[in-house]
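Beneath this line is the structure, given in structure tokens, with notes to follow.
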Amino acid sequence: MPKPPGASSQDALRREKESQPAPNPLHESVFVSDDAPVYDVPMHVIHRPLQSTTDENKVKTFVKEMQRGDDFTPIEVLWVQRGDDDFYFAFGGCHRWEAHKRLNRPTIKAKLVKTTPKSLSIYLGRNPPEVSARASCRVGTRVIVSINGEPQAS
1395 MPKPPGASSQ DALRREKESQ PAPNPLHESV FVSDDAPVYD VPMHVIHRPL
1445 QSTTDENKVK TFVKEMQRGD DFTPIEVLWV QRGDDDFYFA FGGCHRWEAH
1495 KRLNRPTIKA KLVKTTPKSL SIYLGRNPPE VSARASCRVG TRVIVSINGE
1545 PQAS
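Residue numbers (the numbering used here): 1395 to 1548.
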């Protein structure tokens, strides 16, 4: 196929690279994919180490919409395993979280992102994640969550 006028070999190489799949799909976020599993995670096991700022009107709106049965986007939960223990951390989804709390919902829909304690330190700074986790959300052995209504061990 002839090169278009003015196109360099670098342009051709760039187009070829862009047309190929990413070299390692494992580096893609699970949130990019609509088919990533959604879990019903018990709220009591999720640690939220950062103070949330919420808009009261937005929370009240979410509460009403949840009572109506409206669906919401799952929150993102970082999942760290240490030996036989699981630790769950959430940093976003503040309004959805607060609405669930006010409705006394035992679980919240979430996408789990398996991560390492080192990666978690990006969010927690100098706080060692295992210390923070054990202080408020240690979950001896595995937590049972459900995916599409079916119980699963996390």
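Ideal Cβ placement from N, Cα and C applies to all residues, glycine included.
If you're wondering where the values come from, they're calculated on a predicted model, not measured in any experiment.
### Query
Cβ atoms of residue 1493 and residue 1470: under 8 angstroms apart, would you say?
For residue 1470 and residue 1493, no; Cβs fall outside 8 angstroms.
### Query
Within 10 angstroms of its Cβ, does residue 1505 collect 16 or more other Cβ (buried), or is it exposed?
Burial is judged here by how many other beta carbons sit within 10 angstroms of a residue's own beta carbon; residue 1505 has at least 16 and is buried.
### Query
Would you call residue 1462 buried or exposed, if buried means 16 or more other Cβ atoms sit within 10 Å of its Cβ?
Burial call: exposed.
### Message
Can you give me the C-alpha to C-alpha distance between residue 1544 and residue 1464, rounded to a whole angstrom?
### Response
Note that residue 1544 has pLDDT 49, beneath the 50 cutoff, so the model's placement of it is unreliable and the number below is only indicative. Residue 1544 and residue 1464: Cα-Cα distance of roughly 21 angstroms.
### 7 angstroms CB neighbourhood of residue 1456 in its chain, flanking five on each side removed
Closer than 7 angstroms at Cβ, skipping near neighbours: 1489, 1490, 1493.
### Task
Flag this pair as yes or no: are the beta carbons of residue 1501 and residue 1429 separated by less than 8 angstroms?
No, Cβ-Cβ distance for residue 1501 and residue 1429 is not below 8 angstroms.
### Task
With DSSP as the reference, please indicate the residues paired to residue 1476 in a beta bridge.
Residue 1476 pairs with 1479.
### Task
Run the CB neighbour count on residue 1487, radius 10 Å, all protein chains shown included, and call it buried at 16 or more, exposed below.
When all chains shown are included, residue 1487 counts as buried.
### Message
So within the segment 1429-1500, which uninterrupted beta strand (DSSP E) runs reach at least 3 residues, ignoring any that extend past its ends?
### Response
The segment 1429-1500 contains these whole beta strand (DSSP E) runs: 1433-1436, 1469-1476, 1479-1484.
### Message
Check this for me: beta carbons of residue 1473 and residue 1512, under 8 angstroms apart or not?
### Response
With respect to the 8 angstroms criterion, residue 1473 and residue 1512 are not classified as neighbours on the basis of their beta carbons.
#### Entry: Test item: CB-CB of residue 1335 and residue 1437 under 8 angstroms
The question about residue 1335 has no answer, for the chain in this structure spans 1395 to 1548.
### Query
Apart from the five residues just before and just after residue 1468, which ones in its own chain have a Cβ nearer than 7 angstroms to its Cβ?
Once the five neighbours on either side are set aside, the close Cβ partners of residue 1468 are 1432, 1503, 1504, 1505.
### Task
Compute the Euclidean distance between the alpha carbons of residue 1452 and residue 1443, then round it to the nearest angstrom.
Between the alpha carbons of residue 1452 and residue 1443 lies a distance of about 22 angstroms.
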